[in-house]
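All you need for my numbering is the position in the sequence shown, starting with 1, plus 69.
A quick write-up on the structure given underneath.
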Amino acid sequence: MRHYEIVFLVHPDQSEQVGGMVERYTKAIEEDGGKVHRLEDWGRRQLAYAINNVHKAHYVLMNVECTAKALAEMEDNFRYNDAVIRNMVIRRDEAVTGQSEMLKAEESRNERRERRERPESNEGESADGEDSRDSADE
Numbered sequence: 070m071r072h073y074e075i076v077f078l079v080h081p082d083q084s085e086q087v088g089g090m091v092e093r094y095t096k097a098i099e100e101d102g103g104k105v106h107r108l109e110d111w112g113r114r115q116l117a118y119a120i121n122n123v124h125k126a127h128y129v130l131m132n133v134e135c136t137a138k139a140l141a142e143m144e145d146n147f148r149y150n151d152a153v154i155r156n157m158v159i160r161r162d163e164a165v166t167g168q169s170e171m172l173k174a175e176e177s178r179n180e181r182r183e184r185r186e187r188p189e190s191n192e193g194e195s196a197d198g199e200d201s202r203d204s205a206d207e
């Protein structure tokens with residue numbers, strides 16, 4: 070069995086179907102003796118360019134180990150499913166199990182946002198206190 074990295078984009082109007090689609094693809098791979106090493110749902114994101122007048126899509130990343138038969142079945146599902154607007158399958162030399170760079174960047178962005186919001190609330194309180202002292206000195 071070979072290792073593959075699969076990314077597929079789902080039409081934003083069909084985002085609620087993503088869970089079922091992932092479950093179906095995972096089941097097909099595992100029934101054929103394969104294994105899903107990594108599964109990431111990146112959610113809705115802006116596309117770099119419009120595809121069929123659609124500007125956003127729901128992104129899903131899967132790193133799998135499967136047979137050629139299971140991969141062909143998945144590609145057929147992508148091809149005939151109108152909800153999937155794009156897909157990409159890349160053969161890998163080994164299984165990738167760590168977080169993707171996309172998910173790491175998003176988590177670090179969220180952490181920075183949280184850190185930025187916390188000090189602002191503390192600074193706002195101390196700034197008000199300083200202002201009251203300045204006015205008391207005058």
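Just so it is clear, CB atoms sit at the ideal spot from N, CA and C, and this is done for glycine as well.
Checklist line | Residues sharing a beta bridge with alanine 126, DSSP | finding: If you number the sequence shown from 1, residue 126 lands on position 57. For alanine 126, the beta-bridge partners assigned by DSSP are Arg114.
Next item on the list: Indicate the three-state DSSP secondary structure (helix, strand or coil) for phenylalanine 147 in the structure shown.
Entry: As a first step, residue 147 must be located in the sequence shown, where it is residue number 78. Here phenylalanine 147 sits in helix by DSSP.
Margin query: To test your reading of the DSSP string, which unbroken alpha helix (DSSP H) runs of 4 or more residues are found completely within the segment 134 to 188?
Written below: 137 to 149
Item checked: Bridge-paired residues (DSSP) for valine 91 -> Locating residue 91 in the sequence shown gives position 22, counting from the first residue. DSSP, once it has assigned bridges, lists no residue as partnering valine 91.
Check: DSSP puts glutamate 109 in a beta bridge; with which residues?
Finding: Residue numbering aside, residue 109 sits at position 40 when the sequence shown is read from its first letter. According to DSSP, which records beta bridges pairwise, glutamate 109 is partnered with Leu130.
Check: With distances taken between CB atoms, is the gap from glycine 112 to tyrosine 128 smaller than 8 Å?
Finding: Counted from its first residue, the sequence shown places residue 112 at position 43. Counted from its first residue, the sequence shown places residue 128 at position 59. Yes, Cβ-Cβ distance for glycine 112 and tyrosine 128 is below 8 Å.
Note to self: Out of Asn121, Ala97 and Asn132, which one is the CA nearest neighbour of alanine 110?
What the structure shows: Stepping through the sequence shown from its first residue, residue 110 is reached at position 41. A small correction: the amino acid at residue 110 is aspartate; alanine does not occupy that position in the sequence shown. Looking from the CA of aspartate 110, the closest CA among Asn121, Ala97 and Asn132 belongs to Asn132.
Margin query: Cutting at 6 Å between CB atoms, please list the residues of its own chain near arginine 184, excluding the five before and the five after it.
Written below: Against the sequence shown, residue 184 aligns to sequence position 115. Taken in chain order, the list of residues that qualify is empty.
Checklist line | Neighbourhood of phenylalanine 147 by C-beta, 8 Å cutoff - its chain only, sequence neighbours within 5 removed | finding: For the purposes of this step, residue 147 is taken as residue 78 along the sequence shown, with counting starting at 1. Within the same chain, phenylalanine 147 has close Cβ partners Phe77, Val153 and Asn156.
Margin query: Using 8 Å for Cβ pairs, my map puts serine 169 next to leucine 140. What's the rounded Cβ distance?
Written below: Mapped onto the sequence shown, residue 169 falls at position 100. Mapped onto the sequence shown, residue 140 falls at position 71. Rounded, the Cβ-Cβ distance is 20 Å, inconsistent with contact.
Check: Should isoleucine 159 go down as buried or exposed, given a rule of 16 or more other Cβ atoms within 10 Å for buried?
Finding: The count along the sequence shown starts at 1 and reaches residue 159 at position 90. Answer is exposed; the Cβ neighbour count stays below 16.
Notebook entry, point to check: If you follow the beta strand (DSSP E) that glutamate 74 is part of, which residue opens it and which one closes it?
Noted result: Numbered from 1 along the sequence shown, position 5 holds the residue referred to as residue 74. Counting along the chain, the beta strand (DSSP E) containing glutamate 74 begins and ends at 71 to 79.
Margin query: Using the Cβ count rule (16 or more neighbours within 10 Å means buried), how would you classify tyrosine 73?
Written below: Here residue 73 refers to the residue found at position 4 when the sequence shown is read from its first residue. Classification of tyrosine 73: buried, given that the 10 Å Cβ count is 16 or more.
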